[in-house]
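Worksheet: one structure, shown below.
There are 2 protein chains.
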Amino acid sequence: MKLESWSGLSKGGITAVPGFKAAGIHCGIRKNRDKRDLALILAETECAAAAVVTTNKVKSAPLLLTMENLAKTGGRARAILCNSGNANACAPGGTEAAVKMVNAAANELNIDPSQFIVNSTGVIGFPLPVDVIAAGTPELVQKLSTDNIPAAEAIMTTDTFPKSYAARFEIGGKTVTIGGIAKGSGMINPNMATMLAFIATDCAISPKMLQKALRESTKISYNQVSVDGDTSTNDMCAILASGTAGNAEITGECADYDEFLDALNFINLSLAKDIARDGEGATKLLICRISGAATYEDAARLSKSVISSSLVKSAMFGADANWGREMCALGYSGANFNPATVDIRFSSYVGEIAVCRQSVGLPFDEDLAAAILGEKEITIEITLADGDFSAEAYGCDLTYDYVRINGDYRT
Amino acid sequence: MKLESWSGLSKGGITAVPGFKAAGIHCGIRKNRDKRDLALILAETECAAAAVVTTNKVKSAPLLLTMENLAKTGGRARAILCNSGNANACAPGGTEAAVKMVNAAANELNIDPSQFIVNSTGVIGFPLPVDVIAAGTPELVQKLSTDNIPAAEAIMTTDTFPKSYAARFEIGGKTVTIGGIAKGSGMINPNMATMLAFIATDCAISPKMLQKALRESTKISYNQVSVDGDTSTNDMCAILASGTAGNAEITGECADYDEFLDALNFINLSLAKDIARDGEGATKLLICRISGAATYEDAARLSKSVISSSLVKSAMFGADANWGREMCALGYSGANFNPATVDIRFSSYVGEIAVCRQSVGLPFDEDLAAAILGEKEITIEITLADGDFSAEAYGCDLTYDYVRINGDYRT
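Top to bottom, those sequences are chains A and B. Each residue of the first sequence is one higher than the one before, starting from 1 at the first, in our numbering. Each residue of the second sequence is one higher than the one before, starting from 1 at the first, in our numbering.
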């Protein structure tokens with residue numbers, strides 16, 4: 001696929017898509033006036049819409065309202081509304097608060113409340129201060145623009161940078177644009193779901209095929225990310241597709257669908273890697289690539305087990321080539337593989353080093369290993385002898401700062 | 001059951017059992033001469049023997065040799081041999097090294113090599129320095145005594161204190177003694193298996209019923225412990241039963257079996273809690289008690305999910321009553337429960353506080369909560385409305401020291 005891409009912060013991420021505007025303001029949920037806490041994304045026209053949400057049995061009130069809305073409209077929506085600073089999960093009056101925040105925006109924009117995808121992120125169990133959200137809504141609507149950054153910032157919690165990507169490609173001679181924003185950082189181990197990621201495109205695609213593409217894409221991207229093994233109550237990846245690019249609507253599996261899926265994968269993988277890179281307290285992005293697995297599911301599970309291991313993550317923080325921890329994490333993953341035929345290599349910008357062949361330790365240059373693992377992006381390359389399938393998973397190191405951030409999150 | 005118990009370090013743990021001796025020496029696997037690294041436990045007579053081992057697909061060479069031996073003898077053994085400082089897993093020549101260390105001890109003691117339970121603990125992937133083990137074996141055998149401490153110390157890795165318990169009870173008018181030692185600390189998330197725990201008793205019980213009791217007991221003790229979610233390649237709980245107490249041999253399920261199981265549970269739960277309390281970098285023991293679950297399996301899985309959550313563990317380190325993290329961990333556990341009827345209370349020596357009722361946050365006194373969570377042993381009490389089953393799980397807080405220890409383990 002010919003894909004022109006950019007990481008969006010200067011050229012626009014979600015607002016790189018024609019017909020979409022976004023805004024992010026400080027309405028007062030957070031005490032710090034410099035931290036935006038309310039975001040809105042608006043399409044000029046009604047869009048095909050799809051969402052993938054957390055598998056956690058405990059689900060936030062706005063997440064449940066979103067699923068109701070999408071069922072009611074048959075997969076159509078015009079807007080995405082999201083606050084940070086409060087998750088509106090296990091909170092007194094949570095459902096009423098979610099309805100009220102949507103109604104305030106719906107009234108201001110003069111569109112039906114069922115046209116909203118809505119979510120919240122932050123601390124669990126405290127009442128959502130919905131009055132300050134309602135009071136801030138006129139300003140939020142007034143600030144809608146093609147600047148992507150305020151909305152990307154307004155959904156951040158302990159993230160240290162906004163995450164935003166866009167790409168442009170062609171379908172049937174028509175230029176199609178896709179862009180997205182995401183937040184991650186803590187309580188991150190999506191499972192058939194995501195952290196918060198909001199994607200927009202002007203591609204013409206039916207709600208059914210949009211949902212299918214989103215599910216396929218989240219499986220290989222956000223679902224392969226783990227920061228701390230905790231799957232949140234509010235995870236959501238939602239997408240709006242306006243159809244204004246003018247391509248023939250995608251209504252089934254075809255070459256156009258594959259093109260669209262490639263572009264969606266590019267955006268979601270880019271955002272997923274940024275989420276791992278910006279995990280709470282993280283100093284490094286860890287990529288574990290498994291090849292030679294008997295099935296994709298085995299490869300996916302093995303790679304995720306490795307990047308989820310606290311011992312692997314701590315060793316990577318310390319630039320310690322203690323590869324026995326990778327072997328151990330493969331072994332308890334629950335996936336099928338031959339434990340006697342495992343090769344392990346570490347690589348980064350600096351170079352590559354083999355540390356284990358056929359499941360037995362190799363002598364290796366500790367100084368070179370330390371230099372490789374001292375970089376900001378590390379690949380753990382594991383080759384099996386069981387088949388032809390491969391997968392990647394994305395994580396980060398475990399650091400003193402993770403403990404500091406989470407030992408005292410609420411204060 | 002009338003049970004007289006003691007925590008063994010002064011009165012003897014495993015050596016409190018008549019007919020058992022133990023030794024622990026520094027043979028030279030570790031550089032630090034003050035750290036013992038080789039342990040031996042010897043019974044005067046052949047015993048019924050049983051073991052439960054790791055579910056990790058990658059298993060250490062000595063662990064595999066132990067399973068072969070027990071199969072060969074039909075569940076009989078006289079000795080337990082274990083080194084620390086090297087796991088002999090994924091190591092060049094691992095099987096030969098395991099055989100060689102057993103043969104050295106078998107020759108010295110003049111018993112058959114198949115009478116040995118053997119294991120190793122430490123770093124993965126490096127050749128076991130079996131020559132220093134063989135050279136140290138005469139001294140090891142010479143130092144056999146009724147002092148429990150040297151052996152308990154010799155199996156320690158990053159443990160900060162030796163773990164040892166014993167208990168005395170009666171079966172059919174005969175006094176029976178049971179005692180054990182264990183090590184834990186890191187790479188600890190046993191699953192149908194344990195860290196290293198070695199138990200001895202003079203109870204008369206068949207190998208089959210001994211294996212059954214051990215499996216039942218590890219399920220509610222070590223398998224409900226998690227320090228860091230990493231299930232080791234070397235986990236093992238082994239037991240020797242000499243039969244010299246003179247009770248009628250237990251050969252089936254009966255009142256005597258239940259008495260024995262109660263005593264075994266007491267030893268294993270005591271050691272399991274010590275392992276959690278002494279988790280790498282830990283400052284606190286966390287106990288999560290689930291009641292009102294629909295099945296035992298649900299209760300066990302829910303409690304283990306809570307004490308395994310990095311976010312819960314970090315919050316406990318910070319004495320932060322951020323109970324939404326417990327709700328979240330229940331939700332992603334995979335267990336069945338009604339997420340709308342959850343009550344949560346925290347308790348410790350200082351007092352008790354309710355923070356969530358029917359899945360909604362309660363207003364609570366933050367100062368009292370901080371005081372409760374400031375203690376060294378915290379109970380997270382979660383009540384469901386789904387049935388009559390309960391379970392406990394045991395963990396520890398996640399601290400800066402966990403990261404420090406594991407960021408630089410090999411150096």
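Glycine included, each C-beta is placed from N, C-alpha and C at the ideal position.
Any chain B beta carbon closer than 9 Å to residue i
{"i": "V439 (chain A)", "result": "Shown here, chain A extends from 1 to 411; a query on residue 439 (chain A) therefore has no answer."}
{"i": "G318 (chain A)", "result": "yes"}
{"i": "L330 (chain A)", "result": "yes"}
{"i": "V141 (chain A)", "result": "no"}
{"i": "V58 (chain A)", "result": "yes"}
{"i": "C254 (chain A)", "result": "no"}
{"i": "L261 (chain A)", "result": "no"}
{"i": "R345 (chain A)", "result": "no"}
{"i": "R30 (chain A)", "result": "no"}
{"i": "T55 (chain A)", "result": "yes"}
{"i": "Y400 (chain A)", "result": "yes"}
{"i": "L40 (chain A)", "result": "no"}
{"i": "C356 (chain A)", "result": "yes"}
{"i": "P127 (chain A)", "result": "yes"}
{"i": "A423 (chain A)", "result": "Chain A is shown from 1 up to 411; residue 423 (chain A) falls before or after that span and cannot be answered."}
{"i": "P92 (chain A)", "result": "yes"}
{"i": "L311 (chain A)", "result": "yes"}
Among the options, nearest to residue i - alpha-carbon criterion
{"i": "F260 (chain B)", "options": "B:A272, B:S270, B:N247 and B:L271", "result": "B:N247"}
{"i": "A43 (chain A)", "options": "A:R33, A:E377, A:T121 and A:F198", "result": "A:F198"}
{"i": "L154 (chain A)", "options": "A:K35, A:K208 and A:K59", "result": "The sequence given here has Ala at residue 154 (chain A), not Leu. When each option's Cα is compared against that of A154 (chain A), the closest is A:K35."}
{"i": "Q224 (chain B)", "options": "B:K304, B:K163 and B:G173", "result": "B:K304"}
{"i": "E280 (chain B)", "options": "B:L70, B:T157, B:V17 and B:A105", "result": "B:T157"}
{"i": "L38 (chain A)", "options": "A:L140, A:R76 and A:A106", "result": "A:L140"}
{"i": "F169 (chain B)", "options": "B:D256, B:S84 and B:A282", "result": "B:D256"}
{"i": "N103 (chain A)", "options": "A:T95, A:P113 and A:S348", "result": "A:P113"}
{"i": "G179 (chain B)", "options": "B:E297, B:G24, B:S270 and B:F317", "result": "B:S270"}
{"i": "R33 (chain B)", "options": "B:R325, B:G24 and B:C237", "result": "B:G24"}
Sub-9 Å separation of residue i and residue j beta-carbons
{"i": "L398 (chain A)", "j": "A321 (chain A)", "result": "no"}
{"i": "G387 (chain A)", "j": "A293 (chain A)", "result": "yes"}
{"i": "A152 (chain A)", "j": "K183 (chain A)", "result": "yes"}
{"i": "T45 (chain A)", "j": "S242 (chain A)", "result": "yes"}
{"i": "M327 (chain B)", "j": "I124 (chain A)", "result": "yes"}
{"i": "I307 (chain A)", "j": "W323 (chain A)", "result": "no"}
{"i": "I181 (chain B)", "j": "A49 (chain B)", "result": "no"}
{"i": "I171 (chain B)", "j": "S206 (chain B)", "result": "no"}
{"i": "F346 (chain B)", "j": "V360 (chain B)", "result": "no"}
{"i": "S217 (chain B)", "j": "N265 (chain B)", "result": "yes"}
{"i": "A371 (chain B)", "j": "S226 (chain B)", "result": "no"}
{"i": "K313 (chain B)", "j": "K376 (chain B)", "result": "no"}
{"i": "A166 (chain B)", "j": "I14 (chain B)", "result": "yes"}
CB contact below 9 Å: residue i versus chain A
{"i": "N191 (chain B)", "result": "Annotation note: pLDDT 46 at N191 (chain B) (below 50); position unreliable, no value reported."}
{"i": "I405 (chain B)", "result": "yes"}
{"i": "L63 (chain B)", "result": "no"}
{"i": "T194 (chain B)", "result": "Annotation note: pLDDT 44 at T194 (chain B) (below 50); position unreliable, coordinate value reported separately. By this cut-off, T194 (chain B) is not an interface position."}
{"i": "S120 (chain B)", "result": "no"}
{"i": "F389 (chain B)", "result": "no"}
{"i": "Y426 (chain B)", "result": "Outside the displayed span of chain B (1 to 411) sits residue 426 (chain B), for which this structure offers no information."}
{"i": "I322 (chain B)", "result": "First, the residue type needs correcting, since residue 322 (chain B) is Asn and not Ile in the sequence shown. Yes - at least one Cβ of chain A is within 9 Å of the one on N322 (chain B)."}
{"i": "M327 (chain B)", "result": "yes"}
{"i": "T233 (chain B)", "result": "yes"}
{"i": "G395 (chain B)", "result": "no"}
{"i": "S359 (chain B)", "result": "yes"}
{"i": "S5 (chain B)", "result": "no"}
{"i": "P207 (chain B)", "result": "no"}
Bridge partner(s) assigned by DSSP for residue i
{"i": "N86 (chain B)", "result": "B:T121"}
{"i": "V353 (chain A)", "result": "At residue 353 (chain A) the sequence reads Ile, which differs from the Val that was named. In the DSSP output, where bridge partners are listed per residue, I353 (chain A) has A:F346."}
{"i": "L302 (chain A)", "result": "According to DSSP, L302 (chain A) bridges with nothing at all."}
{"i": "C203 (chain B)", "result": "Looking at the DSSP assignment, C203 (chain B) forms no beta bridge with any residue, so it has no partner."}
{"i": "F126 (chain B)", "result": "According to DSSP, F126 (chain B) bridges with nothing at all."}
Exercise. Between the segment 113-121 of chain A and the segment 66-84 of chain A, do three or more beta carbon pairs fall short of 8 Å?
Worked result: yes
Exercise. Quick one: any contact between the segment 282-296 of chain B and the segment 28-41 of chain B, if contact means 3 or more CB pairs under 8 Å?
Worked result: no
Exercise. For the segment 206-223 of chain B against the segment 129-139 of chain B, are there 3 or more C-beta pairs whose distance is under 8 Å?
Worked result: no
Exercise. Are there three or more Cβ pairs, one per stretch, closer than 8 Å when the segment 268-284 of chain A is compared with the segment 50-64 of chain A?
Worked result: no
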